[in-house]
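See below for the structure under consideration.
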Amino acid sequence: MKTFQGRVITPGEVTAEAVVTHEGFNTLASLQMALQFGDKEVKCGDQSNEELYGKPLLGKALCLPQTIGSTTGGLVLYCACSMKKNPACMLFANPIDSLAAAGAVLADVWVDGVTMPVVDSLGEEFLQYVQDGMKITIKPNGVVEVE
Numbered sequence: 000m001k002t003f004q005g006r007v008i009t010p011g012e013v014t015a016e017a018v019v020t021h022e023g024f025n026t027l028a029s030l031q032m033a034l035q036f037g038d039k040e041v042k043c044g045d046q047s048n049e050e051l052y053g054k055p056l057l058g059k060a061l062c063l064p065q066t067i068g069s070t071t072g073g074l075v076l077y078c079a080c081s082m083k084k085n086p087a088c089m090l091f092a093n094p095i096d097s098l099a100a101a102g103a104v105l106a107d108v109w110v111d112g113v114t115m116p117v118v119d120s121l122g123e124e125f126l127q128y129v130q131d132g133m134k135i136t137i138k139p140n141g142v143v144e145v146e
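Numbering that gives the first Met the number 0 puts the first residue of the sequence shown at 0, with every later residue one more than the last.
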């Protein structure tokens, strides 16, 4: 097991299976099909992201460097949470961008019954270490345990 310390964006405690990308995560391209057409596993629809395309994101620990793409990204993330089609958590190697932070914070404040902890600034070593299928546990203080 290895431990990483990050900065808490939205609080929470969760354990989930990792799904990892070393590329930027395009929130709109990745989630749009699932949100519009009812994909129950919320498979990633971004064909440009070969690491995630077609993989289920629902209930997973999404490990990524940063988000990219459309300015609607924050709203899409908020909508995914409000529809209960969100990852279990989002773990950023880099500092989070303002759009993803806005979506996560708005969902945390406005959506009842949904918790999606978000931790950023985990560092490049985090993304080098974590692999798909590893068990991730987030502690309330921003500690991320990977086993």
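Where a beta carbon is used, it is the ideal one built from N, C-alpha and C, also for glycine.
Please report the straight-line C-alpha distance between Gly141 and Asp45, rounded to a whole angstrom.
28 Å
Which full runs of the alpha helix (DSSP H) of 4+ residues lie inside the stretch 70-134, going along the chain?
72-81, 97-109 and 123-128
Applying the criterion that 16 or more other CB atoms from any shown protein chain within 10 Å of the CB defines a buried residue, is Lys1 buried or exposed?
exposed
Backbone CA spacing between Ala60 and Thr70 [nearest angstrom]:
23 Å
Are the Cβ atoms of Thr26 and Val104 separated by less than 8 Å?
no
Determine the direct distance from the alpha carbon of Val110 to that of Cys80, and round the result to whole angstroms.
7 Å
Three-state secondary structure (DSSP) of Thr14
Thr14 carries a strand assignment under DSSP once its states are collapsed to helix, strand and coil.
Given a cut-off of 8 Å, decide if Gly5 and Leu126 are closer than it, judged by their beta-carbon atoms.
no
Going by DSSP in three states, Leu27 sits in which element: helix, strand or coil?
helix
Whose C-alpha, out of Phe3, Tyr128, Val143 and Tyr77, is nearest the C-alpha of Ala101?
Tyr77
Quick check: Cys62 and Val18, are their CB atoms within less than 8 Å of each other?
yes
Could you compute how far the alpha carbon of Phe91 sits from the alpha carbon of Val7?
Roughly 10 Å separates the two Cα atoms.
Thr9 and Asp119 closer than 8 Å at C-beta:
No, the pair does not count as a contact, with Cβ atoms beyond the cut-off.
Coil, strand or helix - Gln35 by DSSP:
helix
If you draw a straight line from the C-alpha of Pro94 to the C-alpha of Phe36, how long is it?
31 Å
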